[in-house]
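Note sheet for the following structure.
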Amino acid sequence: MHSVVCEGLVKTYETRGGFFSQRKQVVKAVDGVSLRVRRGSVFGLVGPNGAGKTTTIKILTTLLIPDAGQAWVNGFDVVKEADRVREVIGLVLAPDKGFYPRLTGFENLVYYGRLYGFSKGEAGRRAAELLETVGLGGDGYRFYEEYSLGMKAKLSIAKALINDPETVFLDEPTIGLDPLSAKKIRALISDLARQGKTVLLTSHNMWEVETLSEEVALINKGKVAAFGTPRELKERLNLSYIVEVEIIGNSPLDISYPVENGERGNKVIKMLSYSPSDTLVEILDELRSRDIRIGYVKVHEPSLEEVFAQVVTG
Amino acid sequence: MKTFSQFTAVFEAELKSYLREVGALVFVAVFPLFFSTLTYGMGTVLTGEAAPERWLYQVIGFGVMTVSIVLTSSTAWYFRRGMSSGRLEYVMAAPVSPVAILAAHSLANVLTSLLAFLFAGFVGTYIVYGLSKLPGFLLAAAVTFFALLPVVGVNLVVGVVTIVAKEPEPVANTVAAVVAATSGFAYPITLLPPVLQLIGMVLPFHHVVETARAAVMTSLSPTQLPILLLMMLYLVAGLAVYRYGENHYARKVGVSW
Ligand SMILES: Nc1ncnc2c1ncn2[C@@H]1O[C@H](COP(=O)(O)OP(=O)(O)OP(=O)(O)O)[C@@H](O)[C@H]1O
Ligand SMILES: [Mg+2]
């Protein structure tokens, strides 16, 4: 079951010159993007600046009509059934925008709640609850214009959840958040998926995307350059683990592994491997059989960041 | 029920925001009284005839004009601020009715600027007629209020044009110039060349001001109400234009800043 499906999305922008300017340029922001997001999962959309992530999100949230291609959210066509889509989605576009500056955080949330049809009382109840959830419990009475960047980001996330959406689109939701707040928001995102909601998020924090997302799509220049679980992506790119074993004392010259000088003055064995546990056992067996003392043991897992670097730089 | 909820949400948010910026209100209260005095003075100098009714004619005219212009320009600014603050995108991504949104926004603005109009009109009516015509003036204010409803239709168009132009000032000022010249706020539109008269007759503003004047200075004629009802077609036409602009422009190029 998929909550978000899109096929061959294309979106071009015409740049605006001056009124009499002839230098109109066409920017192909999204160039044939197809995605499938499993219901109840967190899906990460990553890619360099200007890759087309935000544009894709805007198409999926009915804000933009694609030039070509089709997309469905919770089974509804984003162009032909826009209002049905709008009822079941939540959206964060920019963490520090989207509110009345001279209304309080609470009033702003109530405003959005009522746009989704909740009564004033119900919207107020939900707003208070969500302020608590995102960690703004004590600041709901303050004007939005007084909020710090992180507080604004938290309010944006609360706003995205005000209508209890089935599918949530979060464009860089943790940008500007302090580590503890970001952690809280990540926990919240995981919770959403656990409740059966679907979350599509973008982030430039690869570690965050990797820990949260079941599947990831890497977009580059408007095209999906890689798609799969973080593990699949690494395997497909043959990104190997690095196994490190430190040797205490003088290392014998005839050891059968590459040896480098370690930071603590000892020698360190460094091996590239696709099956780190086997490699590690092999090394340890050899060292033990020869009574060589072992310092630390480290297995370095390839990260999504390396996938990103390899795909983008080619 | 849902539409009502959306309507009240926008109404309250806009009213609260608006009341936290009093400058506009003072302008709406003060401008008609003084500007009508200026034009009345110029007219009197030219014709050599002083007639207080003509001053009231213009007080009401400029009062309605100010309310109308504040209304359309605040719509242009509503869209401009919505674009730069990111609110418009969130509103468009919610299942909302544009008519409910703009009607609520307009209502919040009309109510506040009507307060100012009440002040100006009250002062004017009292000076010219004394206490006896004040009930007539209250009726005029009520009529003005309902007669301004079709303007929501005009505002839907203003909103779309603001999205396209991205600049509220030229849109608001152009509409204001046309409306101010052709609606008969300061003079009867029969003075105008036929083309301009036609524009005045077709737009709702002329009918609003004539109805308001009749309510204070003479009496409402039976033909005026049907015309005002006919003007409600602006709501339908405005919505059609808005929907067209939304699907053929706003959702093509985006509404972010
Ligand atoms: N309104 C617009 N008018 C013209 N070009 C635009 C507009 N919005 C986006 N673009 C262009 O479309 C391309 C994709 O932009 P988009 O915002 O989707 O990228 P992104 O992947 O979200 O980047 P980032 O990581 O920086 O947020 C860019 O080349 C951008 O300049
Ligand atoms: Mg972006």
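Keeping their order, the protein sequence lines are chains E and H. If you're matching positions, the first sequence starts at 1 in full-length UniProt numbering and goes up one per residue. If you're matching positions, the second sequence starts at 1 in full-length UniProt numbering and goes up one per residue. Glycine residues also receive a C-beta, built at the ideal position from the N, C-alpha and C atoms.
According to DSSP, is residue i part of a helix, a strand, or is it coil?
{"i": "H/Ile127", "result": "helix"}
{"i": "E/Asp178", "result": "coil"}
{"i": "residue 347 of chain E", "result": "Because chain E spans 1 through 314 in this model, residue 347 of chain E falls outside it and cannot be assessed."}
{"i": "H/Ile69", "result": "helix"}
{"i": "E/Ile255", "result": "coil"}
{"i": "E/Arg293", "result": "strand"}
{"i": "E/Gly150", "result": "helix"}
{"i": "H/Ile101", "result": "helix"}
{"i": "E/Tyr116", "result": "coil"}
{"i": "E/Gly228", "result": "strand"}
{"i": "E/Ala217", "result": "strand"}
{"i": "E/Asp139", "result": "helix"}
{"i": "E/Phe169", "result": "strand"}
{"i": "H/Val26", "result": "helix"}
{"i": "H/Val96", "result": "coil"}
{"i": "H/Lys2", "result": "helix"}
{"i": "E/Tyr241", "result": "strand"}
{"i": "E/Ser3", "result": "strand"}
{"i": "E/Lys234", "result": "helix"}
{"i": "E/Leu103", "result": "coil"}
{"i": "H/Val255", "result": "coil"}
{"i": "E/Lys197", "result": "coil"}
{"i": "E/Leu9", "result": "strand"}
Identify, in the order they occur along the chain, each residue of the same chain with its Cβ nearer than 8 Å to the Cβ of residue i, setting aside the five sequence neighbours on each side.
{"i": "H/Ile189", "result": "Thr182, Ser183, Leu196, Gln197, Gly200, Met201, His206"}
{"i": "H/Val171", "result": "Ala76, Val158, Val161, Thr162, Ala165"}
{"i": "H/Glu53", "result": "Val128, Met217"}
{"i": "H/Ala50", "result": "Thr44"}
{"i": "E/Arg38", "result": "Met1, His2, Ser3, Thr198, Glu214, Glu215"}
{"i": "H/Val152", "result": "Val99, Leu102, Ala103, Ser106, Tyr234, Leu235, Gly238"}
{"i": "E/Asn261", "result": "Lys267, Val268"}
Does the separation of the CB atoms of residue i and residue j fall below 8 Å?
{"i": "E/Phe118", "j": "H/Ser74", "result": "no"}
{"i": "E/Arg86", "j": "E/Thr54", "result": "no"}
{"i": "E/Val307", "j": "E/Leu201", "result": "no"}
{"i": "residue 287 of chain H", "j": "H/Gly61", "result": "Lying before the first or after the last residue shown, residue 287 of chain H is absent from chain H, which here runs from 1 to 257."}
{"i": "E/Gly135", "j": "E/Lys154", "result": "yes"}
{"i": "E/Ile57", "j": "E/Phe169", "result": "yes"}
{"i": "E/Pro165", "j": "E/Val243", "result": "no"}
{"i": "E/Gly75", "j": "E/Leu9", "result": "no"}
{"i": "E/Gly150", "j": "E/Ser181", "result": "yes"}
{"i": "E/Val209", "j": "E/Leu91", "result": "no"}
{"i": "E/Glu246", "j": "E/Val268", "result": "yes"}
{"i": "H/Phe119", "j": "H/Thr66", "result": "no"}
{"i": "H/Gly124", "j": "H/Val64", "result": "no"}
{"i": "H/Ala94", "j": "E/Leu115", "result": "yes"}
{"i": "E/Pro66", "j": "E/Lys11", "result": "yes"}
{"i": "E/Val259", "j": "E/Thr167", "result": "no"}
{"i": "H/Ala13", "j": "E/Tyr274", "result": "no"}
{"i": "E/Pro173", "j": "E/Ile185", "result": "yes"}
{"i": "E/Gly314", "j": "H/Gly86", "result": "no"}
Spatial neighbours of residue i within its chain, please: CB distance less than 6 Å, with the 5 preceding and 5 following residues excluded, ordered by chain position.
{"i": "E/Arg36", "result": "His2, Val5"}
{"i": "H/Phe122", "result": "none"}
{"i": "H/Met92", "result": "none"}
{"i": "E/Gly140", "result": "Gly105, Phe106, Leu131"}
{"i": "H/Asn173", "result": "none"}
{"i": "residue 258 of chain H", "result": "This structure does not reach residue 258 of chain H, given that chain H is present from 1 up to 257, and the question cannot be answered."}
Who are the Cβ neighbours of residue i in its own chain at under 7 Å, not counting the five residues just before and after it?
{"i": "E/Glu14", "result": "Lys24, Val26"}
{"i": "E/His225", "result": "In the sequence on display, residue 225 of chain E carries Ala and not His. The answer, listed in chain order, is Leu218, Ile219, Val311."}
{"i": "E/Glu235", "result": "none"}
Exercise for review: Would you be able to state if there are at least three C-beta pairs under 8 Å between the segment 232 to 244 of chain H and the segment 155 to 172 of chain H?
Suggested key: yes
**Study point:** Whole runs of the beta strand (DSSP E) within the segment 12 to 54 of chain E, excluding any shorter than 3 residues
**Key:** 26 to 38, 42 to 46
Check your understanding: Is the segment 127 to 143 of chain H close to the segment 207 to 214 of chain H, with three or more CB pairs under 8 Å?
Key -> yes
**Study point:** Any alpha helix (DSSP H) of 4 or more consecutive residues that is wholly inside the segment 61 to 98 of chain E
**Key:** 82 to 88
Practice item. Flag this pair as touching only if the segment 8 to 18 of chain H and the segment 101 to 113 of chain H have three or more C-beta atom pairs under 8 Å; answer yes or no. Key: yes
**Study point:** Any alpha helix (DSSP H) of 4 or more consecutive residues that is wholly inside the segment 117 to 182 of chain H
**Key:** 134 to 147, 151 to 165, 168 to 182
Practice item. Answer yes if the segment 32 to 43 of chain H comes into contact with the segment 119 to 133 of chain E, meaning at least three C-beta pairs across the two stretches below 8 Å, and no otherwise. Key: no
**Study point:** Contact the segment 109 to 117 of chain H vs the segment 171 to 180 of chain H: 3+ CB pairs below 8 Å
**Key:** no
Point to revise | Whole runs of the alpha helix (DSSP H) within the segment 260 to 311 of chain E, excluding any shorter than 4 residues | key: 276 to 289
Exercise for review: Can you list the residues near ligand 3, meaning Cβ strictly closer than 5 Å to any non-hydrogen atom, in the order they appear in the chain?
Suggested key: You won't find ligand 3 in this model; what it holds is ligand 1 and ligand 2.
Review point. Of all the alpha helix (DSSP H) runs that stay within the bounds of the segment 185 to 251 of chain H, which reach a length of 4 or more residues?
Key: 194 to 202, 205 to 217, 224 to 231, 233 to 245
**Study point:** Runs of alpha helix (DSSP H) lying entirely within the segment 37 to 87 of chain H, each at least 4 residues, in chain order
**Key:** 52 to 85
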